[in-house]
Amino acid sequence: MKSSSDKKSSTKRICLVFSDTGGGHRSATEAIHAAMQYLLDNCKPDQPVEIHVENIVEKSHPINRRFVELYNYLLRHQQQAMKYYYWFIETFKPNDSEFGWQITRPYLNRYVGQLAPDVVVSVHPMTNQYLARAIKECGLKKKSRLITVVTDPNGDFWSGWANKDSELTIVPNDLAKKRLIDLGIEKNRIAIMGMPVHPDFSMPASCTPSEFRTRLNLDTELPTICINAGWAGGGNMLSIYRALANVRRKIQVIFLCGHNKHLYDTIKRESARYKIPTAVLPFHDRMSDVMASCDLMVTKAGGLTSFESIARRLPLAIDMITKPMPQELGTARMLVSQGLAYDIEQADDIVPVVENLRLRSDGEPAPLPTAHQLDHINASFDIAYRLLDLAGVKLQAPPEWVRSGEEATELL
Numbered sequence: 263m264k265s266s267s268d269k270k271s272s273t274k275r276i277c278l279v280f281s282d283t284g285g286g287h288r289s290a291t292e293a294i295h296a297a298m299q300y301l302l303d304n305c306k307p308d309q310p311v312e313i314h315v316e317n318i319v320e321k322s323h324p325i326n327r328r329f330v331e332l333y334n335y336l337l338r339h340q341q342q343a344m345k346y347y348y349w350f351i352e353t354f355k356p357n358d359s360e361f362g363w364q365i366t367r368p369y370l371n372r373y374v375g376q377l378a379p380d381v382v383v384s385v386h387p388m389t390n391q392y393l394a395r396a397i398k399e400c401g402l403k404k405k406s407r408l409i410t411v412v413t414d415p416n417g418d419f420w421s422g423w424a425n426k427d428s429e430l431t432i433v434p435n436d437l438a439k440k441r442l443i444d445l446g447i448e449k450n451r452i453a454i455m456g457m458p459v460h461p462d463f464s465m466p467a468s469c470t471p472s473e474f475r476t477r478l479n480l481d482t483e484l485p486t487i488c489i490n491a492g493w494a495g496g497g498n499m500l501s502i503y504r505a506l507a508n509v510r511r512k513i514q515v516i517f518l519c520g521h522n523k524h525l526y527d528t529i530k531r532e533s534a535r536y537k538i539p540t541a542v543l544p545f546h547d548r549m550s551d552v553m554a555s556c557d558l559m560v561t562k563a564g565g566l567t568s569f570e571s572i573a574r575r576l577p578l579a580i581d582m583i584t585k586p587m588p589q590e591l592g593t594a595r596m597l598v599s600q601g602l603a604y605d606i607e608q609a610d611d612i613v614p615v616v617e618n619l620r621l622r623s624d625g626e627p628a629p630l631p632t633a634h635q636l637d638h639i640n641a642s643f644d645i646a647y648r649l650l651d652l653a654g655v656k657l658q659a660p661p662e663w664v665r666s667g668e669e670a671t672e673l674l
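Position in the sequence shown counted from 1, then plus 262, gives you my numbering.
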């Protein structure tokens, strides 16, 4: 019989790391974590596994935390200035500078050294290069495998996603793979597996649309528009909301304000005298239920929210009034071209979209397009399965619907 110390030494450790710049990277990390936990609970792993999840950028040094805070401030209040933030990061590369490494080094070496993980999974473009250096300095290159999971599903994303020290980079689609190859990553170190969307979004909702709407004091039958200002509560959602007054069709609105109290207070005041019934929420911890109860999602061009909506078969109206950052603009154009989204370039563009909207009650939606892996709605399970395998964990009864991935199989 193994002692407790023997069991601990045989335990596999997987670290999932990210940063809270917006909400997408946390959502992707939580999706992978949830899928991995499901597989561990239901598929009889041959050894114990510990999963550690950490938003390491803002914890690594006060200067790095300020970068995160600045990103979220601009996203919330000065979206038109985001292009300058993008330019600064791409030009000066604080994620891969000697000064940046020196201020980040004590925290990262302590984090990596103490855990000595079997697999480190980077779910953020600002963490890759320094994680590779920490693994090397801690003498763990033969033990700890660095894997990157890209969450920008297009060909215009941050160059920080490209890290030649990552043993494998998992990407959402063919567009992202091409971008990495252009940035110098060998194609046999790239696996196309889809976007890591939380399993909740491909499973039945916890309540019916009627029940959900009733809880918000909304009509059970009216077309329901969700205006989602995102984690930071930014974008041009207020002007789009006001434009809905010109819609002749009877509708109702769920307005999610994110972490923006000023926006929340403003919408609460306006909705009290607005002719359109509106439920105003700061956020909702069951977005899968929100999406299952709506007929249209109005949102910015963020990758995770868009792909969560796709998994829920929910059409999108994407805020393009302020030109999105390059990686978000590429996503928006792809979704519009595939018939999954409408582009809103001025607030009144929302009016014909809503007036001609096909409702959930009108019947089953069309099948998802196969282009750019847009139909891979269970990718979080595929990614989780691959990561467990890379950690040396074998599942005795893996589900038949989990794909092992089309590429990079020689790395397993």
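Glycine included, every Cβ here is placed at the ideal spot set by N, Cα and C.
Every value quoted in this text rests on a predicted model; they were computed, and no experiment measured them.
> Which residues share a DSSP beta bridge with residue 274?
Replying inline: 311
> For residue 514, which beta-bridge partners are listed by DSSP?
Replying inline: 486
> Can you pull the DSSP bridge partners for residue 619?
Replying inline: Paired residue(s): none; residue 619 is not in a bridge.
> For residue 266, is the classification buried or exposed, using 16 other Cβ atoms within 10 angstroms of its Cβ as the cut-off for buried?
Replying inline: Residue confidence is low: residue 266 scores 42 on pLDDT, short of 50, so the model does not pin down where it sits. Its coordinate-derived value is still stated next. The residue in question, residue 266, is exposed, as its Cβ has fewer than 16 Cβ neighbours within 10 Å.
> At which residues does the alpha helix (DSSP H) containing residue 294 begin and terminate?
Replying inline: 286-304
> So what's residue 468 in DSSP terms, helix, strand or just coil?
Replying inline: coil
> What does a CB cutoff of less than 7 Å around residue 555 pick up in its chain, not counting 5 residues either side in sequence?
Replying inline: 471, 474, 475, 486
>> At the 8 Å Cβ level, is residue 279 part of the contact set with chain C, yes or no?
In response: Here there is only one protein chain, and chain C is not present.
>> Measuring alpha carbon to alpha carbon, tell me which residue in 346, 396, 337, 344 is nearest residue 365.
In response: 396
>> To the nearest angstrom, how far is the alpha carbon of residue 523 from that of residue 546?
In response: 14 Å
> So what's residue 280 in DSSP terms, helix, strand or just coil?
Replying inline: strand
> residue 580 bridges to which residues according to DSSP?
Replying inline: 561, 605
>> What would DSSP say about residue 317, mapped onto helix, strand or coil?
In response: strand
>> I'd like to confirm the pairing. Which residues does DSSP put opposite residue 432 in its beta bridges?
In response: 411, 453
>> Between 276, 511, 304, which has its C-alpha nearest residue 484's C-alpha?
In response: 511
> Going straight from the alpha carbon of residue 370 to that of residue 421, what length do you get?
Replying inline: 21 Å
>> Tell me which residues share the same chain as residue 569 and place their Cβ nearer than 6 Å to its Cβ, disregarding the 5 neighbours each side in the sequence.
In response: 457, 459
> Hey, how far is the Cα of residue 287 from the Cα of residue 319?
Replying inline: 12 Å
>> Quick check on residue 541: does DSSP put it in helix, strand or coil?
In response: strand
> For the beta strand (DSSP E) that contains residue 384, what are its first and last residues?
Replying inline: 381-384
>> Suppose the cutoff is 7 Å on Cβ atoms and the five residues either side in sequence are ignored; what does the same chain contact list for residue 478 look like?
In response: 516, 541
> Distance, Cα to Cα, residue 623 vs residue 526?
Replying inline: 30 Å
> Among residues of its own chain, excluding the 5 on either side of residue 608, which ones have a beta-carbon nearer than 7 Å to its beta-carbon?
Replying inline: 583
> Between residue 630 and residue 602, what straight-line distance do the alpha-carbon atoms span, to the nearest angstrom?
Replying inline: 8 Å
> residue 605 and residue 613: beta carbons closer than 8 Å?
Replying inline: no
> So, is residue 499 buried or exposed, given that buried needs 16 or more other C-beta atoms within 10 angstroms?
Replying inline: buried
> In the structure shown, what three-state DSSP assignment does residue 370 receive?
Replying inline: helix
> Taking 7 Å as the line, does the beta carbon of residue 582 fall inside it for any heavy atom of the ligand FMN?
Replying inline: Of ligands this structure carries none, so the ligand FMN is not represented either.
> To the nearest whole angstrom, what separates the beta carbons of residue 646 and residue 297, a pair I think is in contact under 8 Å?
Replying inline: 4 Å
> On the three-state DSSP scale, how would you describe residue 337?
Replying inline: helix
> Going straight from the alpha carbon of residue 312 to that of residue 539, what length do you get?
Replying inline: 47 Å
> From residue 280 to residue 662, what does the alpha carbon distance come to, in whole angstroms?
Replying inline: 30 Å
> Do the CB positions of residue 387 and residue 635 come within less than 8 Å of each other?
Replying inline: no
> Do residue 380 and residue 405 come within 8 Å of each other at the CB atom, strictly closer than that value?
Replying inline: yes
>> Once DSSP output is grouped into helix, strand and coil, what is the label at residue 478?
In response: coil
> Taking buried to mean at least 16 other C-beta atoms within 10 Å of its own C-beta, is residue 439 buried or exposed?
Replying inline: buried
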